[in-house]
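Below is one structure; the comments refer to it alone.
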Amino acid sequence: MENITEVLAVCISERKGTEKKEVEKLILKKDWGIEGDAHAGNWHRQVSLLAFEKVDDFRKRGAKVDFGAFGENIIVSGIDLRNLPVGTVLEIGDAKLKVTQIGKECHSHCNIYKKMGDCIMPREGIFAEVIEGGCIRKGDMINVVPAKGPYRVGIITVSDRAYQGVYEDLAGPVIRQMIQEAGMEVIESLIVPDEKAQIAKKLLYFADQRQADLILTTGGTGFSKRDVTPEATKQIAEREVPGIGEALRSYSMTTKKAMLSRQTAAIRGNSLIINLPGSPKACKENIEYIIEPLKHGLGILSGRESN
Numbered sequence: 001m002e003n004i005t006e007v008l009a010v011c012i013s014e015r016k017g018t019e020k021k022e023v024e025k026l027i028l029k030k031d032w033g034i035e036g037d038a039h040a041g042n043w044h045r046q047v048s049l050l051a052f053e054k055v056d057d058f059r060k061r062g063a064k065v066d067f068g069a070f071g072e073n074i075i076v077s078g079i080d081l082r083n084l085p086v087g088t089v090l091e092i093g094d095a096k097l098k099v100t101q102i103g104k105e106c107h108s109h110c111n112i113y114k115k116m117g118d119c120i121m122p123r124e125g126i127f128a129e130v131i132e133g134g135c136i137r138k139g140d141m142i143n144v145v146p147a148k149g150p151y152r153v154g155i156i157t158v159s160d161r162a163y164q165g166v167y168e169d170l171a172g173p174v175i176r177q178m179i180q181e182a183g184m185e186v187i188e189s190l191i192v193p194d195e196k197a198q199i200a201k202k203l204l205y206f207a208d209q210r211q212a213d214l215i216l217t218t219g220g221t222g223f224s225k226r227d228v229t230p231e232a233t234k235q236i237a238e239r240e241v242p243g244i245g246e247a248l249r250s251y252s253m254t255t256k257k258a259m260l261s262r263q264t265a266a267i268r269g270n271s272l273i274i275n276l277p278g279s280p281k282a283c284k285e286n287i288e289y290i291i292e293p294l295k296h297g298l299g300i301l302s303g304r305e306s307n
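The sequence shown begins at 1 in the working numbering and counts up by one.
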């Protein structure tokens, strides 16, 4: 069901890391963001939004904050932005935004945090990309269109050497190509070292903030002491899916070394995580084997299909 809500203020800043200031209007450019704003660019966090109700609650705690103080471009009233699914389209004025991320990691505490011991933007703010340019002003109504489209996939290559730049990531591009050929959307590809904490952090990023339907990792599933991808997966999992790892090992048993793979699968929220091997050839074979039942599983997990 569509909902209507109102823009209370629009803000920009010319430099990152500074408070945004209220302006009369925003001019948005497709696939770029807001003209004159430091966060415009060819990436997924072109525009930031924050609910007035959250700002008001923060003010009631004694904080004197103007619109834009949290780094938000658009302040809206009458909707819980935090609970909008990624992929939701916001029609504002004659522009259209698509929600791409919920919340964000706080890399360095802002002045508000230093003063109040808290900042609401990392957990309450949402981010969007511009899919249709136009103008947005205070008082514009917002039409909220439910999320739809292909399954959204995040890819994580786990490799010390690829992360250090001494080895080319070969498996990640193979996975990307196969996923796109299967009609799914790759939202982002990342490379991380064989560090459990960093792998878990990126899994949380894709599952909680980007709300990917599917997260595929490649590498770190063997016997080496630095092979810790399954452990990182289990650390952040809400439910394990042992059948996928078992099926992939069984399928690969034409070589006895397949029994040494520790790859697993798990669910967090509405995201399915699957560990793939580090070999591009093995990744290709694994995806070819599971792609059809995988689509059905994603359909059930996302609510698009029934059992």
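Just so you know, even glycine gets a beta-carbon here, dropped at the ideal spot from N, CA and C.
Does DSSP put L272 in a helix, a strand or coil? strand
To the nearest angstrom, how far is it from the Cα of V55 to the Cα of R161? 44 Å
Cβ shell of K98 (< 7 Å), same chain only, five flanking positions each side left out: Excluding sequence neighbours, K98 sits near G87, V89, A128, E129 and I131.
Can you have a look at E72 and say buried or exposed, based on whether 16 or more other CB atoms are within 10 angstroms of its CB? Buried is the call here.
What alpha helix (DSSP H) runs, 4 residues minimum, are completely inside the region 140-187? 160-164 and 171-181
Under 8 Å between the Cβ atoms of R268 and A232? For the pair R268 and A232, the CB atoms are not nearer than the 8 Å cut-off.
What would DSSP say about Q235, mapped onto helix, strand or coil? helix
Less than 8 Å separating the beta-carbons of G245 and T264? yes
Could you work out which residue in G134, E185, D140 and L81 is closest to I155 when comparing CA atoms only? E185
Under the three-state DSSP convention, the category C11 falls into: It is a strand residue.
Are the region 22-34 and the region 132-143 touching by the rule of at least three beta carbon pairs closer than 8 Å? Touching, per the Cβ criterion.
Sequence-distant residues of the same chain with beta carbon closer than 8 Å to L260, five excluded per side: G222 and F223
Whose C-beta lies closer than 8 Å to the C-beta of R176 among residues of the same chain, with five residues either side of it excluded? Contacts found: I155, V186 and S189.
Classify V166 as buried or exposed, calling it buried when 16 or more other Cβ atoms lie within 10 Å of its own Cβ. exposed
Helix, strand or coil at K225 [DSSP, three-state]: Residue state, collapsed to three classes: coil.
For a test of the three-state rule: what should DSSP assign to E129, helix, strand or coil? strand
Is Q211 near K104, with beta carbons less than 8 Å apart? no
Using the Cα positions of D169 and D57, report the straight-line distance between them to the nearest angstrom. 46 Å
Leaving out the 5 sequence neighbours to the left and right, which residues in its chain are closer than 7 Å to Y249 when beta-carbon positions are compared? First, the amino acid is wrong: residue 249 is Arg here, not Tyr. Excluding positions up to five away in sequence, the list reads A258, M259 and S261.
S13 and E19 look like a contact to me (Cβ under 8 Å); what is the Cβ gap, rounded to whole Å? 7 Å
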